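Colleague: Sharing a structure here in structure tokens format.
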Amino acid sequence: MLRATIRSLIAHKLRLVLTAISVVVGVSFVAGTFVLTDTVKGTFGDLFSQINAGVDLHVRSTTEFGDANGGEPLSASVRDTLAQVPGVVSAEGIVIGFPAQVLDKTGDAVSNGGAPTLGWSTYDDAELSPFFYKVGRAPVGDAEVALDASTASSHDFVVGDLVKIVTPEGPAVYTITGLLGFGAVDNLGGATVAAFDTPVAQRLFDREGRFDAVEIRVDDAANMLAVQAAVQQALETIEPGSFEAVTGEQNAEDQADDLNSIVDAINRFLLMFGYVALFVSTYNIVNTFSIIVTQRTRELALLRALGASGRQVVSSVLVEALVVGVIASLAGLALGLGIAALIKEVLASGGLEAPPGALKLLPRTVIVALVSGIVTTVVAAVAPALRAARVAPIAAIRDAQPPTTGGSLRRTAVGAGLAVVGLVMLIGVMTDHGPSNEIIGAGGGAGALFIGVSLVATLIARPCAQIIGIGIARFRGVPGRLARENSMRTPRRTSSTASALMIGLTLVTLVLVLAASVTTTVARVVDESFGSDLTISNEQFVPFSPALHDTLADLPEVGQIGRFRFGQARFGGPDGEDVGIDGIDGVAIDTLYRMGIENFDAAAFDAGGLLVSEREADKRGLRVGDRLQLTFAATGTKELAVIAVYTARNFSSTYVVSSAEFEANFPQSQFRADNLLMVKASPGVAVASMRDAVTAIVERDYPNVTVKNQSELKAERKEQIEQFLFIFFAMLAFSILIASIGVTNTLALSVFERTRELGLLRAIGMTRRQMRSMVRWEAVIIAVFGGLLGLALGVFLGFVMAGIFDSLGFALDIVVPLSLVWVVVVAFVLGLIAAALPARRAARLDILNAIATE
Amino acid sequence: MAETDTPVRTIAARAVDARKTYGKDDTAVHALDGVTVDFEAGRFTAIMGPSGSGKSTLMHCLAGLDTLTGGQVFIDDIDLTTLKEKDLTLLRRERVGFVFQSYNLVPTLTAIENITLPKALAGTKPDQAWLDTVIDTVGLRNRLSHKPSELSGGQQQRVAVARTMASRPTIIFADEPTGNLDSKSSTEILEFMRRAVREFGQTIVMVTHDPNAASYADRVIFLADGRVSGEMSDPTPERILDKLKGLGG
Ligand SMILES: Nc1ncnc2c1ncn2[C@@H]1O[C@H](COP(=O)(O)OP(=O)(O)O)[C@@H](O)[C@H]1O
Ligand SMILES: [Mg+2]
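Residue numbers (my numbering), protein chains in the order written: chain A, 1306 to 2159; chain B, 9 to 257.
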């Protein structure tokens, strides 16, 4: 049997290579994603270990949940107390503030794709310091700064130059006294770092008399654990339960964790596409092995006639699949490493300087890549293998006829059932908030839905092919007519090939529908709820200095200005559900934010009153006057009174408080920067002249933000959504590519199976050109069928998602965009391309051989 | 040598010293070893000979399905050996009909679509009157919309012959067209072919093993080892049997 397997492998090498390629693509995607994200994590991990290398103990305020840097600032006296603890060599209060936006020599904002712009205090104890002065010396006094060497070199700053930096206090010009290095690298993972004399940093970042943390170096001779305990003890005497002393390593880990959770999110996002690609390749595998089994029917029957058991036949097919799976997975792993290496280079050239070191290939990556590739291949081959075992010995002396069965009732019923189960699972995953396994729920749900629809598609494959082929049959002559007939011949094959394409195109359609809907919704929200003449924000949603607000407020042309700050809290206690909470300015509640509140009590709002969205109020049964508990990471659980329920469907989160209340609960500097400003001209001042005044200030001091009127804001959002679409399409391209390989594969099989018929056609006068045309149009019909399936399913899912969003509190104006036509056009073109190879093969067919083929 | 003395008849197809060799040197097989033969227009010719004598090869080469390794073949005085692939295809479509032993029809097309297929491939309209004549002659009028799988073997062969007739080719080649049929169906096909020759002046060349089938022809050419080994006009089954015995076939 083994020999038969090997011979089969060799005989079907082209087809197997095509199949293997689809597995290789999927596995390389998965492996590449892991390698890349592990490498990035490793880079950050190394970085934070390095900058914490000299820190023995890191003292910080405790937080209610998450966030290593999210506590309340510590009083300076804490440092003084700790400095007295025996065994402590030095205790330094540090400030890590945001933003410290550096402007380059042309006045542009220095930014690495939205990475933080940090301001740091200097250290007296060089051993504690995360950075050292590669060139120059530490800044001293109000007018000096040290810049990270990477920023300096890429923007031509040298020691002695002047540089403008915008902090929460506003813009100021500093003299560069030194360039910072961080261990072996010049840059902190893409962030820009500006170091200020400690008292200056305290002033700039609202930390006068306070620090974000205290860092301690312990006497080498002392017992670390004992000193840590003593420090903690001292902290408890200051204020029980408010502070914690962790080791430098622990702090490094916590800091890395923050970034890792972002990297993990990216990892999951990318993996999703990898698994979709693998899922699509299962269709190819099923098809290929069905084809091979059909082609080997005689051989298998002969084997059976000679006494091979059904089990031996099954294992012969599965071993073949195993060989393909192993080889393809290994190749995919190698390719994934290559891709990750490439992307790493790209990232490095884009400003994320990694410490020298190889790519991180963890055993987990190898295992996941191999297992997913091999399991995918073998599992997909099971059904064809079982079919092989059912080949009757008598088939050895009969013509191998491919089954022409369509969708049986049972098949359709099973499919419909699966689709419904899948849909329910998906909806469940998206609406439930429990900790149930989302990956399995979403993956399983989507898988069941797609398989279910594929099964149902078998039933409609014939009529659909017939309808799609109308034009082709009419205008492409006999080849067109034959193409249509051929596409209707084996509905099962047509539908499974089309379904593979359907998957990618469903997601494309869904994303197109959602993007169009979000764009439309955003436009409506802007129209409905933005009472401002201008809005100001950063294009990458990075918060910006609050000083801009105050500067603009002082302009005579500006009548009213309001800010938006976004934060997160937990409903109820520290373990409650995450809820969004915004800080806005009460004075502008009707004019700028248009919250839709009658009889707004401004005094109650400024005194800490809570606004709740109508939907949230309905969901939790909240009413005006209710008091509810929200827990903030830094300040703990607070009881707030609901003073109004707002009806506007705008950008606001479910809960809104006054800017003052927000500041009180979010002392961390990243939350004290503004996300959005809304500006209205003074009465009698033309918007254009107000805009000129605002723009002058922004261009001079705040180049990291843009000033937009409503239509510009809508256009900017639209552009951002389109950029996101592009990423999605690029990722889905892999799945679609695999599905196209599937079309090629299927057509190649059909050409093989119909050898005699094709020979006959050639014998009675079909030209090669007509032959190519026939194969090509069959591919187009199959591909367009896949496109239409994807279109239908995608639009349907779009409506389902809109419904879910609606129930989650985000009312989406669902739009079915005209751009969906492209989905069908793409399918059409893919069909043409996929047909190229088999069409050529059909045209080159040797007529006599074909006729002689039994 | 198959020289005939009927100068009034034009020559529909002709082979001149046709040679076809498979393989090289020691293993070379001379499927055609210098065949020279004329097929006159409007006549029904049978080709007989033992298995492997080169009958199919000769027909394939004459029909433009295969190429010679030496010599020439002509259809309507067109030298096939000078034609490119594309022109050979067009020649087959316009001037040649071919009936195989089995599998003559495109399974996805109905009988009538199969019959008009060569015309359709050429993008021309069939001559409706002629088409009706052909259909009535083969007696398939009530089967026209059937798919091949719904037709008996004999009916399928009749559709195949009707297809070749429909485009009024210069010559029809039939390679053992009755080989898979029972005697009743065979007789129908043979009679139909003879009518096509007698009534419509069609030229037909048929390979057969069956002396009875060959007796429907006006003339029989005998092949052996890739060479013409004899011929006979106005054959009867008995005379053919005698001749075959004489040839040791
Ligand atoms: N493709 C081929 N390759 C090698 N030899 C062939 C091929 N086709 C035919 N032959 C050989 O040529 C000779 C004539 O074959 P063929 O014309 O089919 O004979 P017939 O039809 O009279 O039985 C035979 O010896 C056959 O084996
Ligand atoms: Mg033969």
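C-beta: ideal position from N, C-alpha, C; glycine also.
In this text the structure is predicted, and so the values were computed from the model without any measurement.
1. By the 8 Å beta-carbon criterion, what residues does the stretch 2059 to 2079 of chain A contribute toward chain B?
2. When Cβ atoms are compared, which residues of the stretch 1767 to 1790 of chain A fall closer than 7 Å to chain B?
3. In the structure shown, what three-state DSSP assignment does arginine 1983 (chain A) receive?
4. Extract the residue ranges of the beta strand (DSSP E) inside the stretch 1515 to 1601 of chain A, only unbroken runs of 3 or more that lie entirely within it.
5. Could you tell me whether the stretch 1829 to 1837 of chain A touches the stretch 2015 to 2024 of chain A, using the rule of 3 or more Cβ pairs below 8 Å?
6. Please name the residue in B:Asp74, B:His217, B:Phe200 and B:Thr216 whose C-alpha comes closest to that of glycine 209 (chain B).
7. Compare the C-beta of asparagine 112 (chain B) against all C-beta atoms of chain A and say whether one is closer than 9 Å.
8. Anything in chain A within Cβ reach of lysine 94 (chain B), meaning under 7 Å, just list it in chain order.
9. Locate the beta strand (DSSP E) running through leucine 1915 (chain A), then write down its first and last residues.
10. Return the bridge partner residues of phenylalanine 1869 (chain A) from the DSSP annotation.
11. Under the three-state reduction of DSSP, which class applies to serine 2045 (chain A): helix, strand or coil?
12. Along the chain, where does the alpha helix (DSSP H) containing threonine 1826 (chain A) start, and where does it finish?
13. Kindly list, in the order they appear in chain B, the residues whose Cβ is closer than 7 Å to that of isoleucine 2152 (chain A).
14. The beta strand (DSSP E) that contains lysine 1410 (chain A), what's its start and end?
15. Counting only the same chain and skipping the five closest in sequence on each side, list residues whose C-beta sits under 7 Å from that of valine 2128 (chain A).
16. Mind checking which residues open and close the beta strand (DSSP E) that includes alanine 2144 (chain A)?
17. Where do the ends of the beta strand (DSSP E) carrying isoleucine 2119 (chain A) lie?
18. Tell me the start and end of each unbroken beta strand (DSSP E) in the stretch 2001 to 2053 of chain A that is at least 3 residues and wholly inside, in chain order.
19. Using a C-beta to C-beta distance shorter than 8 Å, which residues of chain B count as neighbours of arginine 2145 (chain A)?
20. Check each candidate in A:Leu1817, A:Phe2115 and A:Glu1968 and name the one with the smallest Cα separation from isoleucine 2026 (chain A).
21. Expressed to the nearest angstrom, what Euclidean distance is found between the alpha-carbon atoms of threonine 1503 (chain A) and glycine 1446 (chain A)?
22. Which residues of chain A have a Cβ atom closer than 8 Å to the Cβ of proline 115 (chain B), listed in chain order?
23. Can you give the Cα-Cα distance for phenylalanine 1871 (chain A) and aspartate 1859 (chain A), rounded to whole angstroms?
24. Do arginine 100 (chain B) and alanine 2068 (chain A) have their CB atoms nearer than 9 Å?
25. So for lysine 1439 (chain A), helix, strand or coil by DSSP?
26. Which one of A:Thr1856, A:Gly1941 and A:Gly1641 has the shortest CA to CA distance from aspartate 1880 (chain A)?
27. Pick from A:Gly1930, A:Arg2059, A:Pro2008 and A:Gly1867: whose alpha carbon is nearest that of arginine 1794 (chain A)?
28. Take the Cβ of leucine 1530 (chain A) as the centre, count every other Cβ of all protein chains shown within 10 Å, and call the residue buried at 16 or more, exposed below.
29. So the beta strand (DSSP E) aspartate 1880 (chain A) belongs to, where does it begin and stop?
30. In chain order, what residues of the same chain have a beta carbon less than 6 Å from the beta carbon of valine 1551 (chain A), not counting five sequence neighbours either side?
31. Chain A partners of histidine 68 (chain B), CB-CB under 8 Å?
32. Determine the direct distance from the alpha carbon of isoleucine 1772 (chain A) to that of glutamate 1790 (chain A), and round the result to whole angstroms.
33. Which of helix, strand or coil does DSSP assign to lysine 1318 (chain A)?
34. Determine which residues of the stretch 122 to 152 of chain B have a Cβ less than 8 Å from any Cβ of chain A, and write them out in chain order.
35. Counting C-beta neighbours from all protein chains within 10 Å, is the total for leucine 1714 (chain A) 16 or more, i.e. buried, or is it exposed?
36. Which stretch, first to last residue, makes up the beta strand (DSSP E) that contains isoleucine 83 (chain B)?
Modeller: According to the structure shown:
1. Arg2061, Glu2062, Leu2065, Leu2066, Arg2067, Ala2068, Ile2069, Gly2070, Met2071, Thr2072, Arg2073 and Gln2075
2. Gly1782, Val1783, Leu1787 and Glu1790
3. On the first sequence, residue 1983 (chain A) is found 678 positions in, with the first residue counted as 1. The identity of residue 1983 (chain A) in the sequence shown is methionine, whereas the question assumes arginine. Three-state DSSP puts methionine 1983 (chain A) in a strand.
4. 1518 to 1523 and 1548 to 1552
5. yes
6. Your numbering for residue 209 (chain B) matches position 201 in the second sequence. When only C-alpha atoms are compared, the closest one is B:Phe200.
7. Position 104 of the second sequence, counting from 1, holds the residue named residue 112 (chain B). Output row for asparagine 112 (chain B): interface = yes.
8. As a first step, residue 94 (chain B) must be located in the second sequence, where it is residue number 86. Here the neighbours are Thr2072.
9. In the first sequence, the residue the question calls residue 1915 (chain A) occupies position 610. Start and end: 1915 to 1918.
10. For the purposes of this step, residue 1869 (chain A) is taken as the residue at position 564 of the first sequence. The partner list for phenylalanine 1869 (chain A) (beta bridge, DSSP) reads A:Ile1889 and A:Leu1981.
11. Walking along the first sequence from the start, residue 2045 (chain A) turns up at place 740. Of the three classes helix, strand and coil, the one that applies to serine 2045 (chain A) here is helix, per DSSP.
12. Translated into the one-based positions of the first sequence, residue 1826 (chain A) becomes position 521. 1796 to 1834 is the extent of the alpha helix (DSSP H) around threonine 1826 (chain A).
13. Mapped onto the first sequence, residue 2152 (chain A) falls at position 847. Under the 7 Å cutoff, chain B gives Leu73.
14. Along the first sequence, read from residue 1 onward, the residue named residue 1410 (chain A) stands at position 105. It is not in any beta strand (DSSP E) - lysine 1410 (chain A) carries neither H nor E in the DSSP assignment.
15. Sequence index remark: in the first sequence, residue 2128 (chain A) carries index 823 (1-based). Contacts found: Leu1810, Val1813, Thr1814, Gly2092, Gly2095 and Leu2096.
16. Numbered from its first residue, the first sequence carries residue 2144 (chain A) at position 839. First-last for alanine 2144 (chain A): 2126 to 2149, but that is the alpha helix (DSSP H), not the beta strand (DSSP E).
17. Start at 1 with the first residue of the first sequence, and residue 2119 (chain A) comes out as number 814. Per DSSP, isoleucine 2119 (chain A) belongs to no beta strand (DSSP E) and is neither H nor E.
18. 2011 to 2013
19. Translated into positions along the first sequence, residue 2145 (chain A) becomes position 840. Result: empty, since nearest Cβ-Cβ is about 14 Å, beyond 8 Å.
20. Walking along the first sequence from the start, residue 2026 (chain A) turns up at place 721. The option with the nearest alpha carbon to isoleucine 2026 (chain A) is A:Leu1817.
21. Residue 1503 (chain A) sits at position 198 when you count from the first residue of the first sequence. Residue 1446 (chain A) sits at position 141 when you count from the first residue of the first sequence. About 9 Å.
22. Position 107 of the second sequence, counted from the first residue, corresponds to residue 115 (chain B). By Cβ distance, chain A contributes Glu2062.
23. Stepping through the first sequence from its first residue, residue 1871 (chain A) is reached at position 566. Stepping through the first sequence from its first residue, residue 1859 (chain A) is reached at position 554. So the two alpha carbons sit approximately 24 Å from each other.
24. One-based indexing of the second sequence puts residue 100 (chain B) at position 92. One-based indexing of the first sequence puts residue 2068 (chain A) at position 763. Yes. Within cutoff.
25. Numbered from 1 along the first sequence, position 134 holds the residue referred to as residue 1439 (chain A). Correct three-state label for lysine 1439 (chain A): strand.
26. For this step, residue 1880 (chain A) is matched to residue 575 along the first sequence. Nearest of A:Thr1856, A:Gly1941 and A:Gly1641 to aspartate 1880 (chain A), Cα basis: A:Gly1941.
27. For the purposes of this step, residue 1794 (chain A) is taken as the residue at position 489 of the first sequence. When only C-alpha atoms are compared, the closest one is A:Arg2059.
28. To locate residue 1530 (chain A), count along the first sequence from 1; it is residue 225. So leucine 1530 (chain A) ends up on the exposed side.
29. Residue 1880 (chain A) sits at position 575 when you count from the first residue of the first sequence. Element bounds for aspartate 1880 (chain A): n/a, residue is neither H nor E.
30. The residue you call residue 1551 (chain A) lines up with position 246 of the first sequence. So the qualifying residues of the chain are His1363.
31. By 1-based counting over the second sequence, the position of residue 68 (chain B) is 60. What histidine 68 (chain B) touches in chain A: Leu2153.
32. As a working mapping, residue 1790 (chain A) is identified with position 485 in the first sequence. As a working mapping, residue 1772 (chain A) is identified with position 467 in the first sequence. Cα-Cα distance, rounded: 11 Å.
33. Taking the first residue of the first sequence as 1, we reach residue 1318 (chain A) at position 13. Three-state result, lysine 1318 (chain A): helix.
34. Leu125, Pro126, Ala128, Leu129, Ala130 and Gly131
35. Taking the first sequence and counting its residues from 1, one reaches residue 1714 (chain A) at position 409. Under this definition leucine 1714 (chain A) is an exposed residue.
36. Residue numbering aside, residue 83 (chain B) sits at position 75 when the second sequence is read from its first letter. Its beta strand (DSSP E) spans residues 78 to 83.
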